[in-house]
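Start counting the sequence shown at 114; every next residue gets the next number (the numbering used here).
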Amino acid sequence: MDKMPRAALDPLVVGRVIGDVLDMFIPAAELTVDYGGKSIDNGFEIKPSAAAQPPRLLIRGPATDYYTLVMVDPDAPSPTKPTLREWLHWLVIDIPGGSDASEGKELMPYMGPQPPIGTHRYVFAAFRQHTVTETVVKRPVERERFNTRQFAKENKLGLPAAALYFKSGKETSG
Numbered sequence: 114m115d116k117m118p119r120a121a122l123d124p125l126v127v128g129r130v131i132g133d134v135l136d137m138f139i140p141a142a143e144l145t146v147d148y149g150g151k152s153i154d155n156g157f158e159i160k161p162s163a164a165a166q167p168p169r170l171l172i173r174g175p176a177t178d179y180y181t182l183v184m185v186d187p188d189a190p191s192p193t194k195p196t197l198r199e200w201l202h203w204l205v206i207d208i209p210g211g212s213d214a215s216e217g218k219e220l221m222p223y224m225g226p227q228p229p230i231g232t233h234r235y236v237f238a239a240f241r242q243h244t245v246t247e248t249v250v251k252r253p254v255e256r257e258r259f260n261t262r263q264f265a266k267e268n269k270l271g272l273p274a275a276a277l278y279f280k281s282g283k284e285t286s287g
């Protein structure tokens, strides 16, 4: 039983998602993310054009639970100088467990990857809400310098229930 949560976290540790964006947590739900019908796993590389539209994102958790979803880029504007860390790409609240993110309430519209330099990580984190609806009291106004940990703390969300990340680099024409 102890091995399953650890196995789910290993790619997040190797990819420095745990540390740069999130604290260590015990998975209590599962995220599935599909871009254009293709399911992604931790660390997959996706072209920005393939992720221009919001993914089909399912949070597999108890149907009685509601979740808040955060998507951030911790490498903005560049992986070597992430002075805008974290860039908020998407924020959805009140997602019923077992449902797609489209069933929730979007507080920050989806913005696909647009890495100007290098390969960036894009992190999805799902937090279990402690109240059924409108759990977010402190809403972000800007996308730049968002802080997932601070957001979770200010809104009493605790540690994530699930997380997943992918990588994307600038596309070259040709």
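No residue lacks a Cβ here, since even glycine has one placed at the ideal position from N, Cα and C.
- Closest in C-alpha terms to V236, from the list K283, R198 and A163, comes R198.
- Inclusion of L272 and F138 in the CB contact set at 8 Å is warranted, their separation being smaller than that value.
- Across the structure, P222 and H202 are spaced so that their CA atoms are roughly 7 Å apart.
- When the five nearest sequence neighbours on each side are left out, the beta carbons in the same chain lying within less than 6 Å of the beta carbon of D178 are those of G210 and R241, in order along the chain.
- If you look at E143, you'll find it isn't in any alpha helix (DSSP H); it sits in the beta strand (DSSP E) that goes E143 to Y148.
- Burial state of G150 is exposed, judged by a 10 Å Cβ sphere holding fewer than 16 other Cβ atoms.
- Counting other Cβ atoms within 10 Å of its Cβ, G217 reaches 16 or more and is therefore classed as buried.
- Residue burial is scored here from C-beta neighbours: A176 has fewer than 16 other C-beta atoms within 10 angstroms and is therefore classed as exposed.
- Counting the other Cβ atoms within 10 Å of the Cβ of S152 gives fewer than 16, which makes it exposed.
- K251 has its alpha-carbon roughly 31 Å from the corresponding atom of D123.
- Ranked by how close their Cα comes to the Cα of L135, the residues A142, T261, T285 and K266 have T261 in first place.
- If you look at F264, you'll find it in the alpha helix (DSSP H) that goes T261 to E267.
- Counting along the chain, V130 sits inside the alpha helix (DSSP H) bounded by residues V130 to D133.
- Spatial neighbours of K283 in its own chain (CB-CB distance under 8 Å, excluding positions within 5 residues in sequence) are listed in chain order as P161, P228, P229, I230 and G231.
- Going by DSSP, F240 is part of the beta strand (DSSP E) stretching over T232 to R241.
- For D136, the secondary structure class from DSSP, reduced to helix, strand or coil, is coil.
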